[in-house]
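These notes concern the structure reproduced below.
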Amino acid sequence: MRQQLPADCTGPYWIVGEGVRPNLRHDSDLFTLDVISTTERSFLLLHKKPVLDEWAEGDALLIGKLVLYDYQRCPRVTSDSGLTDYLLLWPPDYGARVENGEVEIVDGAGQVVARVGEEVRLGGGAIPGDWDSEKYRQLYHELPGDCHGPYWIVENED
Numbered sequence: 155m156r157q158q159l160p161a162d163c164t165g166p167y168w169i170v171g172e173g174v175r176p177n178l179r180h181d182s183d184l185f186t187l188d189v190i191s192t193t194e195r196s197f198l199l200l201h202k203k204p205v206l207d208e209w210a211e212g213d214a215l216l217i218g219k220l221v222l223y224d225y226q227r228c229p230r231v232t233s234d235s236g237l238t239d240y241l242l243l244w245p246p247d248y249g250a251r252v253e254n255g256e257v258e259i260v261d262g263a264g265q266v267v268a269r270v271g272e273e274v275r276l277g278g279g280a281i282p283g284d285w286d287s288e289k290y291r292q293l294y295h296e297l298p299g300d301c302h303g304p305y306w307i308v309e310n311e312d
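Converting from the sequence shown to this note's numbering requires adding 154 to each position, the first position being numbered 1.
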């Protein structure tokens, strides 16, 4: 049963829905994030910390389209098969910018490595989605609620 708020809880109020985690953690041991804002929207670029490299399975190549859905703040890659889309955790020195209305991901030298809407080839590995793993649950709960898995640790662009 739901109860009314106490009288001394004067607004303003925001309703975010059940199960939503709008948090933006800036103290995580697993990742850092950049908030990039344009006149049209804001999005998040997530950067892995070294500990996540140990969590990735194998050394693989992810090929697909870089997308930024209207209802999520984190860029993802939709695999060529269309069966999976991955939330990306980029190297620490990568960044994002908006040029001529296009969202671009750049490496530490400022070179464009990916553009939203275009195909990308990203080396790295997936983090196994194991709810029995304390590490996986920690990552899930620390990331913003709309930045859910499956997760891909980006090592490089191919």
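Glycine is no exception: its CB is placed at the ideal position from the N, C-alpha and C atoms.
Fair warning: this is a prediction, and the values are worked out from it, not measured in the lab.
| Check | Outcome |
| --- | --- |
| Hey, quick one: how far does the alpha helix (DSSP H) through tyrosine 248 stretch, first residue to last? | Tyrosine 248 -> no alpha helix (DSSP H), and no H or E assigned at all. |
| Checking 8 Å against the spacing of the C-beta atoms, do glutamate 296 and lysine 219 come in under that value? | no |
| Under the assumption that isoleucine 307 contacts leucine 206 (Cβ atoms under 8 Å), give the Cβ distance between them as a whole number of angstroms. | 5 Å |
| Within the region 205-237, note down every full alpha helix (DSSP H) run reaching 4 residues or more, in order along the chain. | none |
| Assuming histidine 295 is part of the beta strand (DSSP E), what are its boundary residues? | Segment 288-296 is the alpha helix (DSSP H) holding histidine 295; no beta strand (DSSP E) there. |
| In chain order, what residues of the same chain have a beta carbon less than 8 Å from the beta carbon of leucine 320, not counting five sequence neighbours either side? | Nothing in the structure corresponds to residue 320, since the chain is present only between 155 and 312. |
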